[in-house]
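Here the structure is laid out as structure tokens; the discussion comes afterwards.
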Amino acid sequence: MTSREFARAHSLALLAGAILMAAVVGAVIWLPNASRATAETKERGTPSMTQRILARPDEPLLPIQPNVNLDAGKVELGRALFHDPRLSRDNSISCAFCHDLARGGTDRLPKSVGVGGQLGTINSPTVYNAALNFRQFWDGRAATLEEQVTGPIHNPVEMASSWQEVIAKLTADPETSNKFIKLYGGPPSAESIQDAIAEFERSLITPSRMDRWLKGDDRALTPQELAGYQLFKRYGCVACHQGANVGGNMYQRFGIMKDYFEGRTRVDPADLGRFNVTSREEDKYVFKVPSLRNIAATAPYFHDASVNSLHEAVSRMGEFQLGVELPPEDIQSIVLFLYTLNGEQLQ
Ligand code: HEC
Ligand code: HEC
Numbered sequence: 108m109t110s111r112e113f114a115r116a117h118s119l120a121l122l123a124g125a126i127l128m129a130a131v132v133g134a135v136i137w138l139p140n141a142s143r144a145t146a147e148t149k150e151r152g153t154p155s156m157t158q159r160i161l162a163r164p165d166e167p168l169l170p171i172q173p174n175v176n177l178d179a180g181k182v183e184l185g186r187a188l189f190h191d192p193r194l195s196r197d198n199s200i201s202c203a204f205c206h207d208l209a210r211g212g213t214d215r216l217p218k219s220v221g222v223g224g225q226l227g228t229i230n231s232p233t234v235y236n237a238a239l240n241f242r243q244f245w246d247g248r249a250a251t252l253e254e255q256v257t258g259p260i261h262n263p264v265e266m267a268s269s270w271q272e273v274i275a276k277l278t279a280d281p282e283t284s285n286k287f288i289k290l291y292g293g294p295p296s297a298e299s300i301q302d303a304i305a306e307f308e309r310s311l312i313t314p315s316r317m318d319r320w321l322k323g324d325d326r327a328l329t330p331q332e333l334a335g336y337q338l339f340k341r342y343g344c345v346a347c348h349q350g351a352n353v354g355g356n357m358y359q360r361f362g363i364m365k366d367y368f369e370g371r372t373r374v375d376p377a378d379l380g381r382f383n384v385t386s387r388e389e390d391k392y393v394f395k396v397p398s399l400r401n402i403a404a405t406a407p408y409f410h411d412a413s414v415n416s417l418h419e420a421v422s423r424m425g426e427f428q429l430g431v432e433l434p435p436e437d438i439q440s441i442v443l444f445l446y447t448l449n450g451e452q453l454q
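Here's what the structure looks like:
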């Protein structure tokens, strides 16, 4: 066993232990300081976060607030690029086509539709708070927001274009080109396009009522919502959905307690998750744990859009990730809590 494998096995064992204890003892024990530290270092974009003393230091979730130290000019340019169909081969599709900011940052389709009506392979995640994820994409294949941008531009079933084509089109437009010259000191390049879009995405942070509660406002949640949060902790959801993005800071297998894909007649490559990146057997069906912020606005659920209702998604998480059949009233209570993660400015 290499030290990396050992570390992985060790952390899986820790996780399994955490889930078991949470279920058996009915108490939250998953709160190692190490995971909090990891979550906080991911938040370099919001330095005020790390400097502030946490009002509720024992909570597995961390409050967020809008990024304040962004370059406003770059954010505006990035917003324009995000909505610019010239980033696609036939000028038909922008990033916003699949990440509609008025639809929770998604297309609300089971699978996205790209250039020429082509069907994608996986459900589109939200771009809201993506800046807080430790990696991008369901399988984590992009390390940063900047790196992520190249993906959809080149993906034949998404924008089906190339940097060469995109840069040529934007450079030929004096108004756009001048904005790049002003902000980046040169005509559009892959680096400056990536940088502007990523800067815009860093502005898509959506504080919610839960953040007000995490910052110490007892009245921010109703007793019912708070009860839902207690269940979310007690059942062990927080073993995976934790930190500032209520997810987005680790990989986990989908189907820890039970095979989620059993009985499917055809293996969908998208279901293999992180295996597609590493080719390691143990990474089959492993995904980045998704953020649960704005989750009520981003149906359908799971990478394969196999579930339409949030109640059903919570129920399956109990069954496949925790090995418990959640009673309907507990599901209802957890769903009530999940609604408190909806960004207030999006409502
Ligand atoms: C045709 C639809 C489509 C278009 C156009 C598109 N995306 Fe996506 N986006 C997706 C899908 C589907 C995924 C998930 C892919 C995966 O994980 O393999 C995704 C993933 C992402 C993620 C990762 C989020 C996460 O939580 O992992 C970000 C960020 C993102 N897109 C931003 C963009 C930007 C910026 C553009 C424009 C340059 C863009 N997208 C264009 C459909 C699209
Ligand atoms: C062992 C880790 C783990 C635990 C525990 C866990 N989840 Fe998840 N959760 C995941 C992973 C991984 C996914 C992504 C599955 C996929 O689509 O491939 C996910 C997906 C979800 C989704 C759908 C997200 C989306 O964008 O489609 C919801 C909702 C959810 N979890 C809620 C919960 C709740 C509520 C609990 C507790 C009852 C819970 N989870 C427990 C790992 C976990």
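Numbering (the numbering used here), first residue to last: 108 to 454.
Note that beta-carbon positions come from the ideal geometry of N, C-alpha and C, so glycine has one too.
Backbone CA spacing between residue i and residue j [nearest angstrom]
{"i": "E308", "j": "L333", "result": "30 Å"}
{"i": "G450", "j": "S398", "result": "13 Å"}
{"i": "E388", "j": "G227", "result": "25 Å"}
{"i": "S284", "j": "V393", "result": "42 Å"}
{"i": "S219", "j": "A179", "result": "30 Å"}
{"i": "Q331", "j": "I200", "result": "42 Å"}
{"i": "S422", "j": "A346", "result": "16 Å"}
{"i": "A377", "j": "N230", "result": "10 Å"}
{"i": "I441", "j": "L417", "result": "10 Å"}
{"i": "R163", "j": "I402", "result": "23 Å"}
{"i": "Y291", "j": "V264", "result": "31 Å"}
{"i": "A327", "j": "I160", "result": "19 Å"}
{"i": "Q452", "j": "P314", "result": "8 Å"}
{"i": "L379", "j": "K391", "result": "5 Å"}
{"i": "W270", "j": "G212", "result": "24 Å"}
{"i": "R371", "j": "R215", "result": "24 Å"}
{"i": "L184", "j": "K286", "result": "8 Å"}
{"i": "V353", "j": "E369", "result": "28 Å"}
{"i": "A267", "j": "V396", "result": "28 Å"}
{"i": "S195", "j": "V384", "result": "25 Å"}
{"i": "W262", "j": "E419", "result": "Per the sequence shown, residue 262 should be read as Asn rather than Trp. Cα to Cα, the separation comes out at about 31 Å."}
{"i": "A141", "j": "G355", "result": "The pLDDT assigned to A141 is 38, lower than 50, so where the model puts this residue is not dependable, and the model offers no usable value."}
{"i": "K289", "j": "P295", "result": "11 Å"}
{"i": "P281", "j": "V182", "result": "19 Å"}
{"i": "I136", "j": "D375", "result": "Unreliable placement is indicated for I136, whose pLDDT of 36 sits below 50; the coordinate value is still reported in the next sentence. Near 36 Å, if we compare the C-alpha coordinates of D375 and I136."}
{"i": "E147", "j": "L169", "result": "Caution applies to E147, whose pLDDT of 41 falls short of 50 and renders its modelled position unreliable; the model cannot decide the point."}
{"i": "R400", "j": "F427", "result": "21 Å"}
Which listed residue (the options) has its alpha carbon closest to that of residue i
{"i": "A237", "options": "V414, Y392, A351", "result": "A351"}
{"i": "V234", "options": "R371, G293, V273, V256", "result": "V256"}
{"i": "R210", "options": "A404, N383, F241, I260", "result": "A404"}
{"i": "E166", "options": "F189, R341, V264, E282", "result": "R341"}
{"i": "G343", "options": "G425, N198, L453, L208", "result": "G425"}
{"i": "Y336", "options": "P170, V175, L443", "result": "L443"}
{"i": "V175", "options": "R193, K286, L311, E298", "result": "L311"}
{"i": "F189", "options": "L252, A275, V414", "result": "L252"}
{"i": "S413", "options": "R400, F361, F382, P294", "result": "F361"}
{"i": "C205", "options": "P232, D197, R196", "result": "P232"}
{"i": "A203", "options": "D197, A187, P217", "result": "A187"}
{"i": "A297", "options": "Y358, K276, V222", "result": "K276"}
{"i": "T278", "options": "M266, G293, A267, S268", "result": "G293"}
{"i": "I171", "options": "N240, D197, Y358, F427", "result": "N240"}
{"i": "V431", "options": "T329, K181, L338", "result": "L338"}
{"i": "P173", "options": "E306, L429, F382", "result": "E306"}
{"i": "D207", "options": "D191, N383, F382", "result": "D191"}
{"i": "N471", "options": "D280, E282, P217", "result": "Examination of residue 471 is not possible in this model, given that the chain is present from 108 through 454 alone."}
{"i": "T329", "options": "R400, L445, E282", "result": "L445"}
{"i": "M357", "options": "R381, V374, R373", "result": "R381"}
{"i": "L429", "options": "R400, V273, H348", "result": "H348"}
{"i": "P259", "options": "R193, D324, G323, K322", "result": "R193"}
Residue i at chain B interface by Cβ criterion, 8 Å
{"i": "G343", "result": "Looking at the structure shown, chain B is missing, and only one protein chain is on hand."}
Are the region 363-371 and the region 310-325 in contact at 8 Å, needing three or more beta carbon pairs? no
Which ranges does the alpha helix (DSSP H) cover as unbroken runs of at least 4 residues, wholly within the region 306-344, from first to last along the chain? 316-321, 330-341
contact_flag[the region 403-410, the region 290-302] where n(CB pairs < 8 Å) is 3 or more: no
Does the pairing of the region 241-250 with the region 430-445 give three or more beta-carbon distances under 8 Å? no
Those runs of the alpha helix (DSSP H) which lie wholly inside the region 221-300 and span at least 4 residues: 252-261, 270-278, 281-291
Taking only runs of the alpha helix (DSSP H) that begin and end inside the region 341-391, which ones reach a length of at least 4 residues, in chain order? 382-385
Could you pull out every unbroken alpha helix (DSSP H) segment of at least 4 residues lying fully inside the region 188-218, listed in chain order? 202-205
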